[in-house]
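Just below is one structure, and these are the notes that go with it.
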Amino acid sequence: MISKDEMANAIRALSMDAVEQAQSGHPGMPMGMADIATVLWRDFLKHDPKDPLWPNRDRFVLSNGHGSMLQYALLHLTGYDLSIDDLKAFRQLHSKTPGHPEHGLTPGVETTTGPLGQGLANAVGMALAEKNLAHTYNREGFPIIDHYTYAFVGDGCLMEGISHEAASLAGTLELNKLIVFWDDNGISIDGPLKDWFNDDTAKRFEAYHWQVIAKVDGHDQNAIHQSIAQAQAEKNKPTLICCQTTIGFGAPRLANTAKAHGSPLGAEEIALAREKLSWPYPAFVIPKEIYSAWDARTKGAELNAAWADRFAEYEKNFPHEAEEYYFRLQRKPSSDWAEKSEAYIKDCQANPANLATRKASQNALNAYAPLWPSLIGGSADLSESNLTEWKGSERLNAKNPSGNYIHFGVREFAMSAIANGLALHGGFIPYVGTFLTFLDYARNAVRLSALMHQQVIYVYTHDSLGLGEDGPTHQPVEHASILRITPHMSVWRPADNVETAVAWKMALQRQEGPTSLLLSRQALPHLDRSPEMLGDVEKGGYIVFGGTTFPSVILIATGSELSLAIAAARQLQKQGLSLRVVSMPSVDQFEKQSAAYREQVLPRKVLRRLAIEAGSSAFWYRYVGLKGRVLGLDEFGVSAPAVDAFKAYGFTVENIIAQINLLLSEEL
C-alpha cells in the first residue's frame, strides 16, 4: 500500500525535476508544502478532474503562486488534462505550465496568482460567493451550494498589505468555509525573516476574528489532517492553519536556506535529495501504484454525479430558484433585457437632464440591475459619493449573507481582488466603486482582472479636475490613460446621461473582460442627438457636431470636456469655419468598428485635429498625429472650485478656440 509520504515525495520529485529541466523556478515551497497538499487533496478536497468547472467543487487557491509546480504536480497526479510532457515543458513558450498559475490556461487553476497576497483576497471573494449563493438558493434537504475554499499562503503573502485588508473583511463577514494554510518556513528571497517579519501572526489573525490553529507541524500528516477537520468544524469564523515547514524539505544541503527558494537545486543536490527521500526513480518517472493512489477521477465523478442527482430533485421542487441559479452561472439577464435597455436609453435621450455622470450611473443601475440577478455591487467606503447603491440594494453582512451590496470599507486593493474572486467563482457580475485617483491603490488587482478576462465593472467617479476643492491628491491625471493601455480593459468616459446608460449596457453585456466607467462629480449638460447618432453611441466614437460637411478641423473630446468642444465649434461655425466634433467615450470600442466607419468619423485627410481631455495628453497623439494638438493635463491639479480649476488649466471655450486658431495658422 502506498503511503502518504510516498505520495508527497512524488510532488517533491516532479517539482525538483521540472525546475531543473527549465533551469528556472521555485522548488523550495513545493517541497516544503507537499505534505500539506497531500493531506488536503487526498483526504478532503472535493473536485472532479474530468469536470474542472463543476459548480460545487471546492476551490483551491495557490496564493504563493511562485510555487506553481506544487499545483501542476497535484493536477497531473490526480488526473486533470495535464500530461507529464506538460510538466517537462514547465516555464516554456506556449506550455500549459507557465511560471505562475494562469487561470484559463491550465485546467484546474482557479485564479492567476503570483503577485503575493492577491490569491488570499481572491479566496475571500470565492468564499463570500459560496456563502451568498448558499443562503440564497439552498433549501432544507437541498444543500446544492456547499463547498470550501482553501488557500495556500506564504510569508510574503502575509507581509503584503492586501492580506490585512482581505483577512479583516473575511473575519467580519464570518466566512467560516474559508480555510487558509500559512507556510510558516521563516525564509524569503533575502534570507531568514527575523530581521523584517517578526509579527505575531496568530494574534494578528485572532484580532481579525479568525480561528487560528497554531504551530502545526507541516510535515506531520496526522496533525495536518486533524487541523483541517477542526477548521471544517468551525461554523462562525474563517480559519488560519499555521504550518511550520522546512523550505526545500528533503534537500540535504539547501533545505531551510534562501537558495532553495527560487533557483534549481542542481543535479548533485537532486541526487542527494532522492537518496534522502528514498525516491529511487529517474526524473519525471512516477510508478503506476503511486499514480493509482493519487487518481481522483473515479471519486470526483461520483461526487459530481451525486450532486447532479440532488440538483435534479431540487429543480423539481424549486423550479424558479433552479432556473435563476443557472441564469446566474451563465451571467444572463432577464429575457426582456434588450427591449428594456433600448427603451431606457431612448428615454434618457427624450428627457433631457443635466446630471453628473455618477448620478446618471446610479439611474442606469436602477433601470438595469433588476434585470441582472447575478449583479452584486459595493464601494470602498464611498457609496454616497460613488452612488453605487440602487433602489434594490440590500446590504450584505454576517447576519445577511444573501445581500447584493457589500460595504468593503477603505480597502480599495482588497475590494478589487475580492471582486475578481466573486467573478472567478461564478454566479456573479461584480461592480465596485471608488474615486478614479484611488485606482493607484488597486492597480495590480485591476490588472489581473484584465489578465484573467474577468467581467468586473469598475465604477470610478470624481474623474478629473471637476471634483474641485479636494485638490491634486484626489484629481486623477494619468489614470484614464493607464486604464486605456491595459490589455483587455474596456474604458468608458461618458459625457452625459445617455452615454452613461450606453456604457453600463455595454459593460453588463461584455463577458470577455473588465470595464472601467470614469464618471464626473459635477453635473454635465445633456446633448441633443438624432436617432442615427443615438445608435452610434455604442460604437465608442461618433460625430456629435458638424457631420454634414467635410471639416477643416476635427475636435475629439470625452466626458466633461465634450460640451466645451461643442460650444467652441458652434462659435467658430458662425464665422464660416467648418468643424467636426467627435465624442469618444470608449476608444477601445471605437477601435473594434470597421475601417470604413472609423474613416467616416475621422477621415485621414483631415490633419488639423485637437483632442481635449482633462488628463494626460500623451495618449491622444495616436488620434491627432504630429500635426495635431492635445489640450490635456500633464501636471497635478489644484485645490479650487471646479470652474476655477478648469479655467486655470485652459479648459475653457476661449482657450479651445485659441488652440484651433493656432492649428489653422500652422503649415501642414
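Take 54 as the starting number for the sequence shown in this note's numbering and just add one per residue.
In this text, a Cβ means the ideal position worked out from N, Cα and C, and glycines have one as well.
The C-alpha of Leu-222 lies about 12 Å from the C-alpha of Leu-173. Around the CB of Trp-249, fewer than 16 other CB atoms lie within 10 Å, so the residue is classed as exposed. For Lys-268, the uninterrupted beta strand (DSSP E) run begins and ends at 264–270, by DSSP. Here Met-54 is exposed, its C-beta having fewer than 16 other C-beta atoms within 10 Å. When secondary structure is reduced to three states using DSSP, Pro-386 falls in the coil class, being assigned neither helix nor strand. At least 8 Å separates the beta-carbon of Glu-591 from that of Met-637. Counting only the Cα atoms, Ser-56 lies some 21 Å from Asp-70. Around the beta carbon of Asn-309, 16 or more other beta carbons sit within 10 angstroms, so the residue counts as buried. Cβ-Cβ distances below 6 Å link Glu-259 to Val-265 in the same chain, with the five nearest sequence neighbours on each side left out; the list follows chain order.
The alpha-carbon of Gly-445 is positioned some 11 Å away from that of Gly-430. Nearest C-alpha to Thr-91 among Leu-140, Lys-149 and Gly-271: Gly-271.
Counting the other CB atoms within 10 Å of its CB gives His-129 a total of 16 or more, which places it among the buried residues. Counted as a single uninterrupted DSSP element, the stretch harbouring Gly-301 is not any alpha helix (DSSP H), since DSSP gives it neither H nor E.
The secondary-structure analysis by DSSP pairs Trp-235 across a beta bridge with Val-206 and Cys-295. When secondary structure is reduced to three states using DSSP, Arg-411 falls in the helix class. Within the same chain, Cβ atoms closer than 8 Å to the Cβ of Lys-268 are found at Cys-295 and Gln-297, the five residues on either side in sequence being excluded. Across the structure, Leu-140 and Ala-126 are spaced so that their CA atoms are roughly 8 Å apart. By DSSP's assignment, Tyr-676 forms no beta bridge with any residue.
Following the DSSP letters along the chain, one finds Arg-537 inside the alpha helix (DSSP H) bounded by residues 532–537. Within the DSSP secondary-structure output, His-460 pairs in a beta bridge with Ser-432.
The count of Cβ pairs closer than 8 Å, one atom from the stretch 154–162 and one from the stretch 197–206, stays below three, leaving the stretches out of contact. With a threshold of 16 other beta carbon atoms within 10 Å, Ile-538 falls short and is exposed. For Thr-526, the three-state secondary structure derived from DSSP is coil. Rounded to the nearest angstrom, the gap between the Cα atoms of Gly-462 and Phe-205 is 25 Å. Per the DSSP secondary-structure output, Ala-698 pairs with nothing in a beta bridge. Sixteen is the threshold: since fewer than 16 other Cβ atoms of the shown chains lie within 10 Å of the Cβ of Arg-657, the residue is exposed. According to the DSSP assignment, Trp-545 belongs to the beta strand (DSSP E) that extends over 543–545. Assignment of Tyr-261 by DSSP, reduced to helix, strand and coil, places it in the coil class. With a threshold of 16 other beta carbon atoms within 10 Å, Asn-275 falls short and is exposed.
Out of Gly-167, Gly-474, Leu-518 and Ile-137, the CA that lies nearest to the CA of Ser-502 is found in Gly-474.
Looking from the CA of Glu-585, the closest CA among Val-606, Ser-331 and Gly-594 belongs to Gly-594.
Bridge pairing for Tyr-513: Thr-487 and Leu-571 [DSSP]. In the three-state reduction of the DSSP assignment, Gly-519 falls in the helix class, which pools H, G and I.
Counting of Cβ neighbours within 10 angstroms places Asn-289 among the exposed residues, the total staying below 16. With fewer than 16 other CB atoms across the displayed protein chains lying within 10 angstroms of its CB, His-147 is exposed.
With fewer than 16 neighbouring CB atoms inside 10 Å of its own CB, Gly-678 falls in the exposed class.
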